[in-house]
Structures are given as C-alpha cells and as structure tokens.
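Residue numbers (this note's numbering): 1 to 203.
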Amino acid sequence: VIENSHFRPYAMTHYGGNACERIMILVFMISCIISCTFAFSPTPSLRSHHRHSKLIQARQISDAPSSVNLSKKSSDVIDGEPHVPNVLLVECGFGNDSHGQDATKAAIRACRNAIEFNSVSVKKIIPGGYGAMKLNVILGVPAKYQSGLDLDEVKNVFPFGDIQFIVQDGGLVAPSGRAIKALGDGDKNDDMVIVCAAVQVGY
Numbered sequence: 001v002i003e004n005s006h007f008r009p010y011a012m013t014h015y016g017g018n019a020c021e022r023i024m025i026l027v028f029m030i031s032c033i034i035s036c037t038f039a040f041s042p043t044p045s046l047r048s049h050h051r052h053s054k055l056i057q058a059r060q061i062s063d064a065p066s067s068v069n070l071s072k073k074s075s076d077v078i079d080g081e082p083h084v085p086n087v088l089l090v091e092c093g094f095g096n097d098s099h100g101q102d103a104t105k106a107a108i109r110a111c112r113n114a115i116e117f118n119s120v121s122v123k124k125i126i127p128g129g130y131g132a133m134k135l136n137v138i139l140g141v142p143a144k145y146q147s148g149l150d151l152d153e154v155k156n157v158f159p160f161g162d163i164q165f166i167v168q169d170g171g172l173v174a175p176s177g178r179a180i181k182a183l184g185d186g187d188k189n190d191d192m193v194i195v196c197a198a199v200q201v202g203y
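Structural data, given as structure tokens:
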C-alpha cells in the first residue's frame, strides 16, 4: 500500500511523516506509561528497603549506651600489658536466670555455654600446655545486678588456666512475665538476668 504513489503522502501525514518521528512518538508513549506505573505503584522491594533501614537505625540508637558505659573490676588485672598477649581463640556464650535475679548463676551458665561445646588440643597449640594457658573472661552483666556477682564461684567453671575477669555493663534485663517468690523472685519483681560471656584463650 505504501508503494502506491497516490497513497504515500496520506500515509506519511497520517502516521507521523517518517520513521524517526514514529519512533520518537512510540518512545514518548512508553515513557509516559512507565512514569505512571512507578508513581502509583511503588515496588515492594523499595518499601521493604525503607522499613529495613528504620529498623537498623532503631537498633543503633538503643545499643549506643552499652558501648560507652564500661566498668572493670578484677583482682587479676595486670597493669600495662594484656593478660593474654597471644589469643588463639574466643568462645562466646550466654546464660539466663529466669527467677531470683542471680547474676552469679547467669554468669556461670554463660561461661559454661561458651566452653562446653568446644574441644581444643591445648597441648598442641599452647607452648607449655595447660600450665601456660591463660584465660581472659569478659562478662556483660546488667549494671543493677553486678553487686551480686561472685567471681570466685564463676571461676570454678574453668578447670585449667590463669584466669582474669573483666566485668562490664551489658547483658540484658527482661521480664519473665511472672514473679514467683518460691523461686527467689522479690515482690512484683519478674526480672530475668541475662549475662553474655566472651572467653579469650591463649598464652
């Protein structure tokens, strides 16, 4: 039909003049459709990304005080040099006392949780074996319950090694949902005491 010389002027006028003009019109129409689609129907991936960013910011704000307020207490601290100069591995764990608010019990469970699922050939990796092994035990304990922490009891968890304790503000106090006096809870005190432990092993 286009080859017909009588019809060609009408076809060029009716369909946009030439191929370039037709392509430009087509691109413009597609651009309009895409713009309307993004304007009225945002993709789920963008919405989930914004929610995720807000959650991360909330965590950073809530965690900020625990990284600043640190306190240490230990009779084994060596001034001027680290207790474990050569750290070979770090074992981590946590422990909870659901009723009774006993920080010692929670710390013992945290330390046991850190070391009980490991098997280390101490004699092969530490010069001098068990006699030369050193442990640096870092405990994150809720500040309001640190006064009840008995490090001598916690020390009994470790069968070997020269041990140093570092206690800092950390862990977590969370409601158990019910205060039970028979299990040691005070009047209307349903606090769970949660302690975190990081055990550095070396020589």
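Beta carbons: idealized from backbone N, C-alpha and C, even for Gly.
Judging by CA-CA distance, which residue of the options is the nearest neighbour of residue i?
i, options, result
"Gly140", "Tyr203, Phe165, Cys32, Phe28", "Phe165"
"Phe160", "Asn136, Pro142, Ile25", "Asn136"
"Glu91", "Gly184, Cys111, Asp150, Tyr130", "Cys111"
"Asp150", "Phe117, Asp97, Lys105", "Lys105"
"Gly128", "Asp162, Asn96, Pro82", "Asp162"
"Phe158", "Cys20, Leu172, Val201, Ser147", "Val201"
"Gly171", "Ile23, Met24, Asn96, Val120", "Asn96"
"Gly177", "Gln168, Asp169, Asp191, Val167", "Asp191"
So for residue i, helix, strand or coil by DSSP?
i, result
"Glu122", "Note that residue 122 corresponds to Val in the displayed sequence, not to Glu. Helix, per DSSP."
"Glu21", "helix"
"Val27", "helix"
"Asn156", "coil"
"Asn96", "strand"
"Ile194", "strand"
"Ala110", "helix"
"Ser53", "Note that Ser53 scores a pLDDT of 32, beneath 50, so its modelled location is shaky; the value from the coordinates is reported in the next line. Ser53 falls in the helix class under three-state DSSP."
Can you give me the Cβ contacts of residue i inside the same chain, cut-off strictly under 6 angstroms, excluding the 5 residues immediately before and after it?
i, result
"Asn18", "none"
"Ala143", "Asp169"
To which residues of the same chain is residue i closer than 8 angstroms at the C-beta, ignoring the five residues directly before and after it?
i, result
"Val154", "Thr104, Ala107, Ile108, Cys111, Val137, Leu139, Phe165"
"Lys181", "Asp187"
Near residue i, what residues of its chain come up, given a Cβ to Cβ distance below 7 angstroms and the 5 sequence neighbours on each side ignored?
i, result
"Lys188", "Ala179"
"Asp185", "His99, Gly100, Ala179"
What is the C-beta distance between residue i and residue j, in whole angstroms, given that I count them as a contact (C-beta under 8 angstroms)?
i, j, result
"Ile125", "Leu183", "At roughly 42 angstroms, the Cβ-Cβ gap does not stay under 8 angstroms, so Ile125 and Leu183 are not in contact."
"Lys134", "Val199", "Not confirmed; about 11 angstroms, so no contact."
Cβ-heavy atom distance between residue i and the ligand HEM below 8 angstroms?
i, result
"His99", "Questions concerning the ligand HEM fall outside what the structure shown contains, since it holds no ligand whatsoever."
Quiz item: Enumerated in chain order, which unbroken segments of the alpha helix (DSSP H) with a length of 4 residues or greater are wholly contained in the stretch 122-151?
Solution: 122-125
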